[in-house]
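K.L.:
Take a look at the following structure, please.
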Amino acid sequence: MTQGKHARPRGKEQNNPFPTMKAVNGTVATMAAIATLGAPMVAMADEPSAPQQPENQTQQQAATSAVQQAQAAVDAAKEGVIQAQETQKNAEGAVSDANGEVDQANAAVQDAQQAVDDAIANDPNTAAAQDALDEANTKLGEASDHLQNAMAVQTQTTDALKQAQDTETAAKADESAAQDAVDEQQTKVDGLQQQVDATDMDALEQDADGTATAATAANDASADAAKQAAAAQQKTDAAKQQLDEAEQIAGDATDPAKVEQAKQDAASTVVKYDEALKQAQEASSQADQANAELSDANHTYQNAHNALLDARNDANAAKQELDKANATLAAAERDESTTAQALADAAAAKSDAEQKVAAAEQQMKDTQAAADKAAQDKVAAQQKLEAAQKAVDDATKAAAAATELEQKGALGWFEYRNATLAQQVLLDPALSTKNPNKPTEIAPADGGSWLQYTQIGNPKDATSLDNMLQAVALIQELNQLRAGEGLAPLKISDAAMAAAMVQANAATKLVMQHNQVLTDNLSLSENLAWGYRDPLAGWWTEEKAIYEDALASGKYPGLESMTPYQISITYPDLYPTIGHYLNCSNPNAVATGMGISQYPANGAMVPTSAMENSSSNIIRYDGVDDTTPTDADVYQQELQEYVDSIRNAQQKLKDAQDALASAQEAVEAANKAADAADQASRQAAADLQTAQSAQSDAEQAYDSALTKHTDAQQAKADAQKDAAEQEAKYTQASEALDAAQTAYDAAEAAFAAAQRKADDASKALDQANQNADAAKTAKDDAANKYAAMQDAKANLDKAQTAYDAAKQASDAAAAQAADKAAEAAQAQQAADAAAAKLADAKQTVADLQEAKDELARRNQALADATDTVAKAGEAVAAAQQDADAAKAAVDDAQQAKDAADAAVKAAESALDEARKNVGNTPAVQEAQAKLDEAKQAAADAQARLDAAQASLADAQQALKDRQEDLRLAEIALEAAVKAEQQPTTPTDPSNPTTPTAPATPGAAVSTGSTGTTGSTITAAATSDATSRAPQSVQVANAASGKLAATGASTGAVLITAFTLAFVGGVATLSARRREE
């Protein structure tokens, strides 16, 4: 919605305060129409009244007119869409062109920057400083290499020291264990020694010997007694037999026949004995001959047997030698195969070690190169970090200043332009305080200054830079509209801009009115608008259409040649509807200012706009003059540059901070990369040394394997030769064994035959001897029996006496044998006990000796462990010396590197100083000037791109708006057609329309508007204004009101009202005007 306020007339050229105005677009008008359904519409503009027609006819005509005008609205909306599409297309082309300009400008900046860099690089002092820095970096690299090598050696010596210490620790542990073992064994030896010392071995041995001797003697005596007892028993037995025989013979001697027979038996047995003796002699002769033959056969057999044994031994020996030779050959072959494989493995290991050394050497070169590169990158990253830090420091200062200016908003801009009066407008409450002597001026509710509603720098305030840029853009739009009518463009006044800002902020608190304070103090004419994104749509477009309609109507004679003042006097009803347009198109206006406030008016309407025009080039207050008004293009460009400088400062700070963060990350990454590269280089050096050591070991292993394989091959050849020789010997021995076996078999067979013959002869001899012995016994028995018969009684007595004596002797011998056996058992028990004691003592002595032997071995192990500990200690001492020397070398190398680092930093500082000084040379200054020009051109190109993109965004939004208008217009057309077809009902007298409440003259105009919340604001209008509304508005109001009064359905009323939103274009159903 808009509201206008103009400067009061001064003489005939000045205007009286003229009415306010408000217009709505399609969407807002629709909402306004819906808000007033069921009640008569209020006419807001002057237009002669027309006679009213009957209700049905009026409704039909209104509906028909609505359809026609809705169709016209659809056609107009389609044309708007086409125009918006063309505008968007042109905006897209402008963005594309601006992008190309930005790319070209950025390329020019890069070229200019390269020219500056080249100019700096070509400076002799800078070049010398760069050479010094390069030399310092080279020395730093060498120092880093030395440090890396020293650190690698230190790592090796540290590892060697740790290994030596570990070895010493293990050796000490072994020594401690050996000492424990010695102590344990010593304890055992001491215990055994105590036992041995407590034992009298001589006594034990003497006792054992004595008891053993006694036992032996007792056993012998027992054995002798037993033998004597056995002999006595045998004698007793023989005596008993002889006694029995004597008793029998004594009985037979009494029988003469038995005596005669005994005599005959004695004679015959003599003959038999002689014959048997002769046969025995013959058998003995035969046996002797057989034995002689057996002896010969045995001799032959023994010789053959010995020869076989010898041959067999020879064969076995040959076989053993052959087996040994074959085993040696097999071992030699295995050894030759094993050494061949070992040689192949050693050759492969040697080749692999050589390849690893080559790879390690290459890795060493690569890692060293990477370390050098990383060191250079580290230096470069540090230089960039320092430069980035300086840039951040500079940008921080600039951003702080820019932030202050951003917060100051327009006040900072006016200070920048030395616009003293504009600053006073924004700072001095007196300029915005009501003059008590001017009744037309309005004071705030608290009676203070209207300046209190201006909060400088608030983003919603009209003094914010963004709102100021929009206000200047509106001025440019106004100048384009003026140019279309051949009017000169308005210049921009700083004081008018400041006044418009204060008034726009104040208007959010005084809606639909002008406070008149600043306009009076600065002699300005004023337009106000609420809720319009583009207030010129109301101020210019709508009111110009009304003005042109008025000219075309012929109802206002002389209108085209009248001044605004004359129009306000001659046609007071028309003037309020076109006053804003007359103000905007005033040919006498030379300077202007606009303000846009984003504070919600009445809690909803946004934005609120103010325009302050001046017909003079000089605006003055209390002796303070405004700055000279500036061409709008120049003003806009300078303001944009000012704002860009502020906004760019923040962006430059952010960019600098981002660059610093990136530089810090780059330094950290470079440091890590350098550390990693150094570590990799050190590791590569260690790996190379390891690989070289492994190569040396592999070469030694190969040489050893080659020697072993050569020896194995020779051993195999020798073994093959020896095996062949032993094979021949074994064959010869086998043949000899076969011959000896044949001879042995024959001798064995002959010996067996002779043995059988000898055995037979022996058996025959034995039998003959037995026969002879039997014959002799029989002869003796027969002779003895016959003789005994001759003296039987005497023999019997003798036999009895002999038996009794033998029996007595036998009993005595048996008793003595029993005694001797008991004595022998007792002596043997004593001997066994003494022997056991002696054995135990000897075992203890043996255990003692074994324990001493073990103690000696353990003492030797302890001595060896002690020697190992001593050697390990010496190794630790040597390793510690090496480690200390390596640490000293690292410390020296670190000092050298630190010195090299200091030299590099000094060289960098010298280079920085040289670069600073080189900026004073003509070549660099010229290049820098071109760079500055290129940067400014790039900034300008970017600004044009930003503007083009903003225009494109506006065009895109405008297209969306026009498309939405078309959609709504088509809906309205459909609704109008349905409304035309809607049946009506007669008026119900019992349901009259609600009368419009009378309004106080001079009250605010009835207005309908929506902000973002869609709320509606409605005010009363004067009664006479209703009768002066245009005919089209009266018809629309009548149709809506009467349709509601007929009792038609709410839907019909809604459709008709929705359609009426588009009737008569954007102005129809507008809440129009009233005079203040």
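Numbering-wise, the sequence shown is residues -45 to -1, 1 to 1031 according to mature numbering (1 follows the signal peptide of the UniProt record, and there is no 0).
Every residue gets a Cβ at the ideal spot worked out from N, C-alpha and C, and that includes glycine.
1) Relative to the C-alpha of Ala87, which residue among Ala934, Ala931, Leu886, Leu866 is closest?
2) Find out if the Cβ-Cβ distance for the pair Asp162, Ala818 is shorter than 8 Å.
3) Beta carbon of Ala713, beta carbon of Ala262: below 8 Å?
4) What ranges does the alpha helix (DSSP H) occupy inside the segment 624 to 667, keeping only unbroken runs of at least 4 residues that lie completely in it?
5) Given that a residue counts as buried once 16 or more other Cβ atoms are within 10 Å of its Cβ, and exposed if not, what is Asp229?
6) What three-state label does DSSP hand residue 1033 in the structure shown?
7) Contact between the segment 540 to 551 and the segment 444 to 451 is defined here as three or more beta-carbon pairs at a separation below 8 Å; is this criterion met?
8) What is the DSSP secondary structure of Glu567, counted as helix, strand or coil?
9) Do Ala455 and Tyr408 have their beta-carbon atoms positioned less than 8 Å apart in this structure?
10) With the cut-off set at 8 Å, would you say Glu276 and Gln681 are in Cβ contact?
11) Is it the case that the Cβ atoms of Leu376 and Leu366 are separated by a distance below 8 Å?
12) Just verifying my parser: in three-state terms, what is the DSSP assignment at Ile430?
13) For the beta strand (DSSP E) that contains residue 1032, what are its first and last residues?
14) First and last residue of the beta strand (DSSP E) that includes Glu481?
15) Measure the C-alpha to C-alpha separation of Ala653 and Lys842 and round it to an integer number of angstroms.
16) Is the segment 500 to 514 touching the segment 590 to 604 in the sense that three or more CB pairs, one from each, lie closer than 8 Å?
17) Between Asp920 and Gly364, is the Cβ-Cβ spacing less than 8 Å?
18) Going by other Cβ atoms of all chains shown within 10 Å of its Cβ, with 16 needed for buried, is Gly534 buried or exposed?
19) Quick one: residues in its chain with C-beta nearer than 8 Å to the C-beta of Ser659, no 5 flanking neighbours on either side, listed in chain order?
20) Taking only three categories from DSSP, how would you classify Lys446?
21) Could you pull out every residue in the same chain whose Cβ sits closer than 8 Å to the Cβ of Ala705, ignoring the five residues on either side in sequence?
22) Is there contact here, the segment 480 to 488 with the segment 424 to 437, by at least three beta-carbon pairs under 8 Å?
23) Would you kindly work out how many angstroms separate the C-alpha atoms of Ser717 and Ala242, rounded to a whole number?
24) Can you give me the C-alpha to C-alpha distance between Lys415 and Leu886, rounded to a whole angstrom?
25) From Phe1017 to Tyr511, what does the alpha carbon distance come to, in whole angstroms?
26) Please go through the same chain and pick out, in chain order, the residues whose beta-carbon is closer than 8 Å to the beta-carbon of Val144, but skip the five residues on each side of it.
27) With 16 other CB atoms within 10 Å as the buried threshold, where does Gln69 fall?
28) Among the candidates Lys393, Gln344, Ile430, whose CA atom is the shortest distance from the CA of Val589?
29) When the distance is taken between beta carbons, is Asp837 closer than 8 Å to Ala115?
30) Per the DSSP calculation, Met560 is bridged to which residue(s)?
31) Can you tell me whether Asn92 is buried or exposed, with buried defined as 16 or more other CB within 10 angstroms of its CB?
32) What does DSSP give as the partner residue(s) for Ala404 in the beta ladder?
33) DSSP on Val579, reduced to helix/strand/coil?
34) Please list, in chain order, all residues of the same chain as Gln43 whose beta carbon is under 8 Å from its beta carbon, the five residues on each side excluded.
35) In chain order, which beta strand (DSSP E) runs of at least 3 residues are fully inside the segment 464 to 526?
36) Is the beta carbon of Gln650 sitting closer than 8 Å to the one on Ala308?
P.N.:
Working from what's here:
1) On the sequence shown, position 132 is the one that residue 87 refers to. Of Ala934, Ala931, Leu886, Leu866, the residue nearest in Cα terms is Leu866.
2) Position 207 of the sequence shown, counting from 1, holds the residue named residue 162. Position 863 of the sequence shown, counting from 1, holds the residue named residue 818. No, the pair does not count as a contact, with Cβ atoms beyond the cut-off.
3) Along the sequence shown, read from residue 1 onward, the residue named residue 713 stands at position 758. Along the sequence shown, read from residue 1 onward, the residue named residue 262 stands at position 307. Cβ distance not < 8 Å, so Ala713 and Ala262 don't count as in contact.
4) none
5) As a first step, residue 229 must be located in the sequence shown, where it is residue number 274. Exposed: under 16 other Cβ atoms inside 10 Å.
6) With the chain covering -45 to 1031 only, the question about residue 1033 has no answer from this structure.
7) yes
8) As a first step, residue 567 must be located in the sequence shown, where it is residue number 612. Residue state, collapsed to three classes: strand.
9) Taking the sequence shown and counting its residues from 1, one reaches residue 408 at position 453. Taking the sequence shown and counting its residues from 1, one reaches residue 455 at position 500. Going by C-beta atoms, Tyr408 is not nearer than 8 Å to Ala455.
10) Start at 1 with the first residue of the sequence shown, and residue 276 comes out as number 321. Start at 1 with the first residue of the sequence shown, and residue 681 comes out as number 726. The answer is yes: Cβ separation under 8 Å.
11) Stepping through the sequence shown from its first residue, residue 376 is reached at position 421. Stepping through the sequence shown from its first residue, residue 366 is reached at position 411. Cβ atoms of Leu376 and Leu366: not closer than 8 Å.
12) As a working note, residue 430 is residue 475 in the sequence shown. Helix at Ile430.
13) Coverage of the chain is limited to positions -45 through 1031, which leaves residue 1032 absent and any answer about it impossible.
14) Locating residue 481 in the sequence shown gives position 526, where the first residue counts as 1. Looking at the DSSP string, the run of the beta strand (DSSP E) that includes Glu481 is 480 to 485.
15) What you label residue 653 is simply residue 698 of the sequence shown in a count that begins at 1. What you label residue 842 is simply residue 887 of the sequence shown in a count that begins at 1. Cα to Cα, the separation comes out at about 31 Å.
16) no
17) Translated into the one-based positions of the sequence shown, residue 920 becomes position 965. Translated into the one-based positions of the sequence shown, residue 364 becomes position 409. No, these two residues do not count as a Cβ contact at 8 Å.
18) Here residue 534 is taken as the residue at index 579 of the sequence shown, counted from 1. That one is buried.
19) Residue 659 sits at position 704 when you count from the first residue of the sequence shown. The answer, listed in chain order, is Ala301.
20) Position 491 of the sequence shown, counting from 1, holds the residue named residue 446. Lys446: strand per DSSP, three-state reduction.
21) Within the sequence shown, numbered from 1, the residue matching residue 705 stands at position 750. The answer, listed in chain order, is Ala252, Thr255, Tyr256.
22) no
23) Locating residue 717 in the sequence shown gives position 762, where the first residue counts as 1. Locating residue 242 in the sequence shown gives position 287, where the first residue counts as 1. Distance between the alpha carbons of Ser717 and Ala242 is about 6 Å.
24) Locating residue 415 in the sequence shown gives position 460, where the first residue counts as 1. Locating residue 886 in the sequence shown gives position 931, where the first residue counts as 1. Their Cα atoms are separated by approximately 38 Å.
25) For this step, residue 1017 is matched to residue 1062 along the sequence shown. For this step, residue 511 is matched to residue 556 along the sequence shown. At Phe1017, the pLDDT of 43 sits below 50, so the modelled position is not reliable and the matter cannot be decided from this model.
26) Sequence index remark: in the sequence shown, residue 144 carries index 189 (1-based). Hits under 8 Å: Leu803, Ala806, Lys807, Leu810.
27) For this step, residue 69 is matched to residue 114 along the sequence shown. With fewer than 16 other Cβ atoms within 10 Å, it is exposed.
28) By one-based count along the sequence shown, residue 589 stands at place 634. Of the candidates Lys393, Gln344, Ile430, the one whose C-alpha sits nearest the C-alpha of Val589 is Ile430.
29) Locating residue 115 in the sequence shown gives position 160, counting from the first residue. Locating residue 837 in the sequence shown gives position 882, counting from the first residue. For Ala115 and Asp837, yes; Cβs fall inside 8 Å.
30) Within the sequence shown, the letter at position 605 stands for residue 560. Met560 pairs with Ala556.
31) To locate residue 92, count along the sequence shown from 1; it is residue 137. By the 10 Å Cβ count, Asn92 comes out buried.
32) As a working note, residue 404 is residue 449 in the sequence shown. Position check: residue 404 holds Ser in this sequence, whereas Ala was assumed. According to DSSP, Ser404 bridges with Thr388.
33) Position 624 of the sequence shown holds residue 579. Strand, per DSSP.
34) Your numbering for residue 43 matches position 88 in the sequence shown. Excluding positions up to five away in sequence, the list reads Leu907, Ala910, Gln911, Ala913, Leu914.
35) 480 to 485
36) Position 695 of the sequence shown, counted from the first residue, corresponds to residue 650. Position 353 of the sequence shown, counted from the first residue, corresponds to residue 308. Contact: yes.
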